[in-house]
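Accompanying notes for the structure given below.
Protein chains: 2
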Amino acid sequence: MADRRTAILQAATRVIARRGVRGLRVEELAAEAGVSTSLIYYHFTDRAGILRRTLEFISERAERYTTERAPGAPPLDARAELEQTLLLELQDIPNVRENSTAWGELRASAVFEPDLRDDLAKATLEWVQEIAELMGRVRPTAPAPAHAAAAERLTALLEGLSVRWLSGSIPLEHARGLLEEAIELEVARLGG
Amino acid sequence: MADRRTAILQAATRVIARRGVRGLRVEELAAEAGVSTSLIYYHFTDRAGILRRTLEFISERAERYTTERAPGAPPLDARAELEQTLLLELQDIPNVRENSTAWGELRASAVFEPDLRDDLAKATLEWVQEIAELMGRVRPTAPAPAHAAAAERLTALLEGLSVRWLSGSIPLEHARGLLEEAIELEVARLGG
DNA sequence: CCGCGTTTACTGAACTTTCAGTCGATGATT
DNA sequence: AATCATCGACTGAAAGTTCAGTAAACGCGG
Numbered sequence: 003m004a005d006r007r008t009a010i011l012q013a014a015t016r017v018i019a020r021r022g023v024r025g026l027r028v029e030e031l032a033a034e035a036g037v038s039t040s041l042i043y044y045h046f047t048d049r050a051g052i053l054r055r056t057l058e059f060i061s062e063r064a065e066r067y068t069t070e071r072a073p074g075a076p077p078l079d080a081r082a083e084l085e086q087t088l089l090l091e092l093q094d095i096p097n098v099r100e101n102s103t104a105w106g107e108l109r110a111s112a113v114f115e116p117d118l119r120d121d122l123a124k125a126t127l128e129w130v131q132e133i134a135e136l137m138g139r140v141r142p143t144a145p146a147p148a149h150a151a152a153a154e155r156l157t158a159l160l161e162g163l164s165v166r167w168l169s170g171s172i173p174l175e176h177a178r179g180l181l182e183e184a185i186e187l188e189v190a191r192l193g194g
Numbered sequence: 003m004a005d006r007r008t009a010i011l012q013a014a015t016r017v018i019a020r021r022g023v024r025g026l027r028v029e030e031l032a033a034e035a036g037v038s039t040s041l042i043y044y045h046f047t048d049r050a051g052i053l054r055r056t057l058e059f060i061s062e063r064a065e066r067y068t069t070e071r072a073p074g075a076p077p078l079d080a081r082a083e084l085e086q087t088l089l090l091e092l093q094d095i096p097n098v099r100e101n102s103t104a105w106g107e108l109r110a111s112a113v114f115e116p117d118l119r120d121d122l123a124k125a126t127l128e129w130v131q132e133i134a135e136l137m138g139r140v141r142p143t144a145p146a147p148a149h150a151a152a153a154e155r156l157t158a159l160l161e162g163l164s165v166r167w168l169s170g171s172i173p174l175e176h177a178r179g180l181l182e183e184a185i186e187l188e189v190a191r192l193g194g
């Protein structure tokens, strides 16, 4: 926590979640992190660099809170694990909301900023693979490409539902319900 | 069409599709619309006003191009109609790309601008209902709430796939394939 | 139907603000 | 003493906004 670099990344996530990538001002970020603007340039070179590193930071952090389970909790079976992993991203708690918002922003920004695309594509791929792997454990007999396709659909759906929630088009619980059914559907499909 | 105000809104849609909401420069918009920057302020007060009106404009206009079919083409059965309607939004032609991009921007902006939410929610609802209605024609025996849920999932998935495509995470054809399978899945589910 | 006050649509140029990025100096650490 | 981390003050360019004014349309009393 005394690591200013990390503090800046955390602050960037908060600012992005609050104002959007579009609304991120280096000065505001500096204030949020309690450092000078120069230090930000010292660590991240330029605005694009901030964005790039923040994206990495977000995807790493997302992985962490997604993967971790409460200590001492009973181990989940594959199906429950899959459901947990996906549904964890649809929760109205600050950390998650912040991450979802920032992630959505970065995705939306990448449409216009080619610089972000490679990292984003990579992070997306990793996430999809993680879900595909869980899919594989739920339905070991189905072929790998089918796992992958299901994983892509579920993650894309989750992203779609997530923005709808954050942009006030549907309530959270509704989004969760829809996603649960989708998981059900995909699993049933592979089950034959 | 001689109405400059509308011309400005159309131009703004194009500029937003090209540069994003954040990338919209009043001067560039003026050039695109072939008017002076001052006229834009005359009609819309300030930059925020431009954005507000344009995003309303986009959400009103959004579906127009989805519904129309080529004149004189053979009528489609319900299933084909459903597929067409959804897949039309995943095409790499200027009009569609422009609309998808602008729509994505609108959705992303609404996360931070509560003003936009009502219009957006309304436009989303209409779209979902249109698809639910098609679902109903494909599977008349299934209950209406099931049609609605399927429609919500398919449209949310489409939005998710659309940004992934536009942000360079997956190729267009891949997105289309995933969506087709999802339609297949949802239809099969309702078919019993 | 003609002059005349008034509103509407519009412009070019000046003015102001915002914001990413730089520079030199200074404290810390090894 | 040398490298690393950090700051405050600054800058240039870009972009947003204002403003004084013009030209055409519009209504209207005579």
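Here the protein sequences line up with chains D and S, keeping their order.
First residue of the first sequence? That's 3 in my numbering, and the numbers climb one at a time after it.
First residue of the second sequence? That's 3 in my numbering, and the numbers climb one at a time after it.
From the three backbone atoms N, C-alpha and C, an ideal C-beta is built for every residue, glycine too.
At the 7 Å Cβ level, is F114 of chain S part of the contact set with chain D, yes or no?
yes
How big is the Cα-Cα spacing for G25 of chain S and L11 of chain S?
Rounded to whole angstroms, G25 of chain S to L11 of chain S spans 16 Å at the Cα level.
Cα-Cα separation, P76 of chain D to Q93 of chain D
22 Å
Three-way DSSP call (helix, strand, coil) for M3 of chain S in this model
The pLDDT assigned to M3 of chain S is 46, lower than 50, so where the model puts this residue is not dependable, and the model offers no usable value.
May I ask which residues mark the beginning and end of the alpha helix (DSSP H) holding I172 of chain D?
First-last for I172 of chain D: undefined, no H or E at that position.
At least one CB of chain S closer than 7 Å to the CB of R49 of chain D: is that the case?
no
Among S:A151, S:L192, S:M137, which has the Cα closest to the Cα of Q86 of chain S?
The alpha carbon of Q86 of chain S has as its nearest neighbour, out of S:A151, S:L192, S:M137, the alpha carbon of S:M137.
T126 of chain S, enclosing alpha helix (DSSP H) - first and last residue:
119-140
Euclidean distance between Cα positions of R109 of chain S and R20 of chain S:
Rounded to whole angstroms, R109 of chain S to R20 of chain S spans 16 Å at the Cα level.
What is the rounded straight-line gap between the Cα of G22 of chain S and the Cα of R191 of chain S?
38 Å
Out of curiosity, what's the CA-to-CA distance linking P73 of chain S and I60 of chain D?
About 49 Å.
Looking at the secondary structure, which residues open and close the alpha helix (DSSP H) in which G1 of chain S lies?
Summary: the structure shown does not reach residue 1 of chain S, with chain S confined to residues 3 through 194, and so no result is reported for it.
Does any residue of chain D have a CB that is nearer than 7 Å to the CB of T15 of chain S?
no
Give the single residue among D:W129, D:S169, D:V140 whose Cα lies nearest to the Cα of A64 of chain D.
D:W129
Could you give the DSSP three-state label for T143 of chain S: helix, strand or coil?
coil
Any 3 or more C-beta pairs closer than 8 Å across the region 115-131 of chain S and the region 153-170 of chain D
yes
Go ahead and label S40 of chain D buried or exposed: buried means 16 or more other beta carbons lie within 10 angstroms of its beta carbon, across all protein chains shown.
exposed
Select from D:L53, D:R155, D:E188, D:V37 the residue whose C-alpha is nearest the C-alpha of D117 of chain D.
D:L53
Do you know offhand how far L66 of chain D's Cα is from N97 of chain D's?
Note on identity: in this sequence residue 66 of chain D is Arg, with Leu being the wrong assignment. Their Cα atoms are separated by approximately 12 Å.
CB contact check: V28 of chain D to chain S, cutoff 7 Å:
no
Using a Cβ cut-off of 7 Å, which residues of the region 161-190 of chain S contact any Cβ in chain D, in chain order?
For the region 161-190 of chain S, which is checked against every Cβ of chain D, the residues closer than 7 Å are E161, G162, L163, V165, R166, L168, S169, G170, S171, L180, E183, A184, L187.
Should L159 of chain S and G162 of chain D be called a contact, given that it needs their Cβ atoms to be closer than 7 Å?
A contact, by the Cβ cut-off of 7 Å.
So what does DSSP say about Q93 of chain D, is it helix, strand or coil?
Here Q93 of chain D sits in coil by DSSP.
Are the beta-carbon atoms belonging to L180 of chain S and R155 of chain D less than 7 Å from one another?
A contact, by the Cβ cut-off of 7 Å.
Ordered along the chain, which non-local residues of its own chain (more than five positions away) have a Cβ less than 7 Å from that of E100 of chain D?
Contacts found: T15, R16, A19.
Hey, quick one: how far does the alpha helix (DSSP H) through V28 of chain D stretch, first residue to last?
Looking at the DSSP string, the run of the alpha helix (DSSP H) that includes V28 of chain D is 28-35.
Kindly indicate which residue of S:V140, S:D5, S:E115 has the alpha-carbon position closest to the one of G51 of chain S.
S:E115
Coil, strand or helix - G25 of chain S by DSSP
Coil, per DSSP.
Kindly give me the distance between the Cβ atoms of L31 of chain S and I42 of chain S, rounded to whole angstroms, as I take these residues to be in contact under 8 Å.
6 Å
For E38 of chain S, count neighbouring Cβ atoms within 10 angstroms of its own Cβ and tell me buried if that reaches 16, exposed if not.
Residue 38 of chain S is actually Ser in this sequence, not Glu. S38 of chain S should be labelled exposed.
Tell me which residues share the same chain as E34 of chain S and place their Cβ nearer than 7 Å to its Cβ, disregarding the 5 neighbours each side in the sequence.
A13, R16, V17
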